[in-house]
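J.: Using this note's numbering, read the sequence shown as starting at 302 and increasing by one per residue.
Sharing a structure here in structure tokens format.
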Amino acid sequence: MKKILSIVSIILLFSVIFAGCNSSSPSDSKGGSSSDGEISVAVVFGLGGLGDKAFNDSAYAGIRRAENELGAKVQYVEPKEIAEFEGHHREFAKSGKYDLIIGVGFDQADAIIAVGNEFPNQKFVLLDGEIDGMSNVSSITFKDNEKTFLVGVIAGLTTKTNKIGIVGGMDIPLINAFVAGYKAGAMSVNPNVEVLYKYVGAWNDSNTGKELAMSMFNEGADIVMAAAGGSGLGVFVAAKDTGNLAVGADVNQIPIDPSCIFLSAIRKLDVCVFSEIKAVKEGTFTPGLKQLGLKEDAVDYTVEGARIETPDEILNKAEEARKAIIDGTIVPPATLDEVDAFIAGLK
302 MKKILSIVSI ILLFSVIFAG CNSSSPSDSK GGSSSDGEIS VAVVFGLGGL GDKAFNDSAY
362 AGIRRAENEL GAKVQYVEPK EIAEFEGHHR EFAKSGKYDL IIGVGFDQAD AIIAVGNEFP
422 NQKFVLLDGE IDGMSNVSSI TFKDNEKTFL VGVIAGLTTK TNKIGIVGGM DIPLINAFVA
482 GYKAGAMSVN PNVEVLYKYV GAWNDSNTGK ELAMSMFNEG ADIVMAAAGG SGLGVFVAAK
542 DTGNLAVGAD VNQIPIDPSC IFLSAIRKLD VCVFSEIKAV KEGTFTPGLK QLGLKEDAVD
602 YTVEGARIET PDEILNKAEE ARKAIIDGTI VPPATLDEVD AFIAGLK
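Listed below in structure tokens is the structure:
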């Protein structure tokens with residue numbers, strides 16, 4: 302009996318040694334395509350985190366789809382400050398565990414550039430920001446002025462006071478493109494409309510978002526768009542409290558309160574996230590800058606779920622504008638400085 306146990310012990314010992322010789326520690330592995338059929342993904346969400354019912358939640362929907370359909374194994378962090386971004390990216394990259402690291406938001410560009418240069422074999426995706434010329438980074442930007450042009454057309458034809466507004470998260474080029482498209486779209490169909498715009502200065506301050514929207518409603522606006530991440534939730538509260546209308550952004554935000562949100566401008570961020578993860582899994586990852594708009598079916602608007610019906614004649618005007626943008630007849634302005642010249646060119 303003792304002899305049998307000794308033989309078993311020797312077999313077990315060599316099994317452990319053999320297994321140890323054929324396994325690699327996480328620090329020895331490199332980011333790349335997944336050879337065993339599984340793919341590991343790390344995500345650094347944007348400020349405001351999950352539950353914003355906007356940008357971060359849209360990215361998360363694509364991640365959940367990748368988990369369900371591709372078997373992706375995902376870890377994520379929700380930073381509270383911009384200063385945390387680089388440390389999180391470096392920690393994920395240094396571990397060597399992840400085939401892909403995703404940064405959600407333009408303000409992670411510097412962090413990804415720094416860490417991406419340190420770890421050239423690690424693949425990264427930057428969502429809603431521009432990085433070009435790096436062999437291990439794919440960055441995706443959206444032509445937000447195209448989708449907000451369409452919702453501007455609808456808002457400009459829907460307003461009864463000829464005054465509408467938009468609350469932005471930050472006074473930055475990204476959000477100014479939202480504002481420019483919205484303003485140009487409204488003015489293109491309603492020369493009498495006035496478009497108000499103000500900025501919260503944060504992505505997760507719904508109280509200030511509400512205050513700014515209330516000030517616009519008090520000035521006579523009857524429609525206000527939210528383009529402010531989690532801060533935009535306050536816009537919807539203000540619209541409900543005053544009996545006015547609101548427009549959502551990033552995802553279909555109508556379900557938040559379909560009694561006052563009648564329209565939402567959307568980015569198909571979930572589709573983009575899923576596609577990038579799938580590309581890494583299939584070995585077709587392509588670095589570089591991708592600029593996506595209506596033609597690529599990456600942005601749009603929706604009225605799905607709204608209790609306030611938008612007349613077909615108004616929606617038809619938006620569809621006419623969509624076709625003109627896709628064929629290049631209309632090129633919506635991307636900055637506020639371009640709006641007046643754009644409108645003058647339509648006359």
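Think of the CB as a built atom: it goes at the ideal place given N, C-alpha and C, for glycine as much as any other residue.
Please name the residue in P588, A522, M471, F563 whose C-alpha comes closest to that of G606.
T.: When only C-alpha atoms are compared, the closest one is F563.
J.: By a C-beta neighbour count over all protein chains shown, 10 Å radius and 16 as the cutoff for buried, is G352 buried or exposed?
T.: Counting Cβ neighbours within 10 Å, G352 comes out exposed, since fewer than 16 surround it.
J.: Specify whether the region 457-469 and the region 510-529 touch according to this definition: at least 3 beta carbon pairs, one from each stretch, less than 8 Å apart.
T.: The region 457-469 is in contact with the region 510-529.
J.: Taking the alpha-carbon of A642 as reference, which of A539, E620, S489 has the nearest alpha-carbon?
T.: Measuring from the Cα of A642, the nearest candidate turns out to be S489.
J.: If you measure between the beta carbons of L570 and G363, is that distance less than 8 Å?
T.: Cβ distance < 8 Å, so L570 and G363 count as in contact.
J.: Where in the region 507-532 do unbroken runs of the alpha helix (DSSP H), each at least 4 residues long, occur, reported from the N-terminal end onward?
T.: Taking only runs of at least 4 residues, the alpha helix (DSSP H) segments lying wholly in the region 507-532 are 507-519.
J.: According to DSSP, is G332 helix, strand or coil?
T.: Because the pLDDT at G332 is just 39, under 50, the model does not fix this residue reliably, and the value given afterwards should be weighed accordingly. Note: G332 maps to coil in three-state DSSP.
J.: DSSP state of Y377, grouped into three classes?
T.: Looking at Y377 - three-state DSSP - the assignment turns out to be strand.
J.: Measure how close the beta-carbons of I403 and V342 come, nearest whole angstrom, since I'm counting them as under 8 Å.
T.: Right, their Cβ atoms sit about 7 Å apart.
J.: Within a Cβ cutoff of 6 Å, which residues of the same chain sit near S324, ignoring the five residues on either side of it in sequence?
T.: Caution is warranted here: a pLDDT of 30 is assigned to S324, below 50, making its placement in the model unreliable, and no coordinate value can be reported.
J.: Based on DSSP bridge pairs, tell me the residues matched to S341.
T.: Bridge partners of S341: K374.
J.: Just how far apart, CA to CA, sit D628 and H390?
T.: The straight-line gap from Cα to Cα measures roughly 40 Å.
J.: Quick one: which unbroken beta strand (DSSP E) runs of 3-plus residues sit fully inside the region 428-512? Chain order, please.
T.: Qualifying beta strand (DSSP E) stretches, in chain order: 438-443, 464-469, 495-500.
J.: Going by C-alpha to C-alpha distance, which of A485, S436, M471 sits closest to A635?
T.: Answer by Cα proximity: A485.
J.: Taking all protein chains shown into account, decide if N422 is buried (16 or more other Cβ within 10 angstroms of its Cβ) or exposed.
T.: Exposed, since its Cβ has fewer than 16 Cβ neighbours within 10 Å.
J.: Compute the minimum distance between the beta carbon of L595 and the heavy atoms of the ligand NAD, and state whether it is under 7 Å.
T.: By its list of ligands, the structure shown contains no ligand whatsoever, and the ligand NAD lies outside what it can speak to.
J.: Do V416 and G347 have their beta-carbon atoms positioned less than 8 Å apart in this structure?
T.: In this structure, V416 does not lie closer than 8 Å to G347 by Cβ.
J.: If P633 sits next to I644, beta carbons under 8 Å apart, how far is it from one beta carbon to the other, in whole angstroms?
T.: Going by Cβ atoms, the distance from P633 to I644 rounds to 11 Å, so no, they are not a contact pair.
J.: Where does R623 land, buried or exposed, given buried means 16+ other C-beta within 10 angstroms?
T.: Classification of R623: buried, given that the 10 Å Cβ count is 16 or more.
J.: Check whether the Cβ atoms of S532 and G457 lie closer than 8 Å to each other.
T.: Against a cut-off of 8 Å, the Cβ pair of G457 and S532 comes out as no contact.
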